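Novice: What follows is a structure written as structure tokens; I'll ask about it next.
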Amino acid sequence: MFSKQLKHLSNTSFTFNKVALLSNNSQRLASTFVSSQPGFDVRNYQLPKQSQQLIVERPWSTKPFNPVDALQIPVFDFKTGQFTGELCNLDQDIFNVPLRRDIVHRVYQYFMDNGRRTYKTVKTRGDVSGSGMKMRPQKKSGRARQGDKRAPHLKKGGKPHGSVPMDYTFPINEKLRLLALKTILSARLYEDKLVLIDNEKLEYPKTKYLDEILSPYRNDRILFLTPFEMDPHFKFASQNIETLNVMNPQQINVKPIIQNDWIFATKQSLQELEMIIECRDDNLFRNRKIPRESLAYDTLLPNHVARQERKRDRFDEDIIRSILEREDFAEIEDKPLQIVTESLKGYIQDLKELQDNKQSSQASL
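For the sequence shown, position 61 (counting from the first letter as 1) is numbered 98 according to my numbering, and the numbering increases by one without interruption.
Here it is as structure tokens:
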């Protein structure tokens, strides 16, 4: 069971060191876990934090942790809450970013307003019924001058400055979204609100059993980060806990992190999260004219997510790839390029049919 001692100790956050991808389809697990030294006191362990006054005075450049010291956090057992004897080295490029509140606020508003629309509308003076003719002469009536009867200050007149349908969605740069995600992760680590556990496996798919484990955090909202292949017992047990929000690394963003008080993450899920963040970061600076190569996390994504991200490049598949796969490719470099793909044959055949039809129609005239 998670003890209240764990809630006091939770300086838990983890990270991943950069390791080169062995291949495009290999899973990249970059976080490093080491055994603690003998006599390691987890109760009095503190991360190398910078002073809050310095962070408030210079938030755009001051990192929350001392970049010289290593960021290491303990790993706890999920069921007992005891220290497992493992420490995780954190990647300072992800968990030691200056705490820019303006960037986090801007990205949070982006997620809150994304898809937000209002459909309420009112009738203006151009929409209500009534003639546009002047009600009475301008002078010699002794009364106030009036225009048409649809004016807003008259009975049954139009509504001035009324509601109109609006779309509050606004675009935001993908680099800014990634920076905000790194910033809020660094902030949760600085606040000791990031807890690293070994795994999420349960013996029984019972909500009561999981609720008893999380009983010290019953009054707080928890964001539980699970790997893509979630334990089925944990999946069923977590469905009816109102204060528990379960997500995988592909779904996490700034909005749920802000709306929850704590972040619980397994070792595997945080490895996958760091892998996705770095792959997305590298993808921002690639040449967009070249088709994207398969990334390491493509094999981890569910089928419906992977299907959305795949975009077929017919020019690359039908023409370029077939040329490169030909055995005599080296011999035809000095010859005129002859493309003999099926799609191009059909295209040329269609052009010939159009030309023949055009010539036959001209001959008939």
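For glycine and all other residues, C-beta sits at the position ideal for the given N, C-alpha and C.
Remember, predicted model here, so these are calculated numbers, not experimental data.
Which complete beta strand (DSSP E) runs does the stretch 88-133 hold, if anything under 3 residues is left out?
Specialist: List check, beta strand (DSSP E) in window: 109-113, 120-126.
Novice: Among A217, Q90, F207, which residue has its Cα nearest to the Cα of R36?
Specialist: Because the chain in this structure spans residues 38 to 402, residue 36 falls outside the shown range and cannot be described.
Novice: On a CA-only basis, which of T244, K292, W299 is nearest D150? Give me that one, please.
Specialist: The residue labelled residue 150 in the question sits at position 113 within the sequence shown. That would be K292, whose Cα lies nearest to the Cα of D150.
Novice: Beta carbon of D268, beta carbon of K238: below 7 angstroms?
Specialist: Sequence index remark: in the sequence shown, residue 268 carries index 231 (1-based). Sequence index remark: in the sequence shown, residue 238 carries index 201 (1-based). Yes, these two residues count as a Cβ contact at 7 angstroms.
Novice: Using alpha carbons as the reference points, say which of R143, Q146, A107, H142 lies closest to Q129.
Specialist: For the purposes of this step, residue 129 is taken as the residue at position 92 of the sequence shown. That would be A107, whose Cα lies nearest to the Cα of Q129.
Novice: Only counting the same chain, and skipping five residues up and downstream in sequence, which positions put a Cβ closer than 6 angstroms to that of V159?
Specialist: For the purposes of this step, residue 159 is taken as the residue at position 122 of the sequence shown. Taken in chain order, the residues that qualify are K196, G199, S200.
Novice: Spell out the partners DSSP gives I234 in its beta bridges.
Specialist: Numbered from 1 along the sequence shown, position 197 holds the residue referred to as residue 234. BP columns for I234 point to F113, T303.
Novice: Could you pull out every residue in the same chain whose Cβ sits closer than 7 angstroms to the Cβ of L222, ignoring the five residues on either side in sequence?
Specialist: Against the sequence shown, residue 222 aligns to sequence position 185. These residues qualify, in order along the chain: I131, F132.
Novice: Assuming the contact rule is C-beta atoms closer than 8 angstroms, P264 and Q305 should be a hit. Round their C-beta distance to whole Å, please.
Specialist: Locating residue 264 in the sequence shown gives position 227, where the first residue counts as 1. Locating residue 305 in the sequence shown gives position 268, where the first residue counts as 1. With 8 angstroms as the limit, P264 and Q305 qualify as a contact, their Cβ atoms being about 4 angstroms apart.
Novice: On a Cα-Cα basis, can you pick out the residue from K395, D229, M203, N103 that is closest to D298?
Specialist: As a first step, residue 298 is located in the sequence shown; it is residue number 261 there, counting from the start. That would be D229, whose Cα lies nearest to the Cα of D298.
Novice: Beta-carbon separation of V232 and F261 under 7 angstroms?
Specialist: Mapped onto the sequence shown, residue 232 falls at position 195. Mapped onto the sequence shown, residue 261 falls at position 224. No, the pair does not count as a contact, with Cβ atoms beyond the cut-off.
Novice: If you pair each beta-carbon of the stretch 170-178 with each one of the stretch 107-119, do three or more pairs fall below 8 angstroms?
Specialist: Judged by Cβ distances under 8 angstroms, the stretch 170-178 makes no contact with the stretch 107-119, as fewer than three pairs qualify.
Novice: For G144, does the three-state DSSP call read helix, strand or coil?
Specialist: Position 107 of the sequence shown, counted from the start, is the residue given in the question as residue 144. According to the sequence shown, residue 144 is Val rather than Gly. In this structure, V144 counts as helix in the three-state DSSP scheme.
Novice: Mapping the DSSP letters down to three states, classify H190 as helix, strand or coil.
Specialist: Numbered from its first residue, the sequence shown carries residue 190 at position 153. Here H190 sits in coil by DSSP.
Novice: For R162, which residues in the same chain have their Cβ closer than 7 angstroms to its Cβ, ignoring the five residues on either side in sequence?
Specialist: Counting from one through the sequence shown, the residue named residue 162 turns up at place 125. Excluding residues within five positions, the ones whose Cβ falls inside 7 angstroms are R187, A188, P189, G194, G195.
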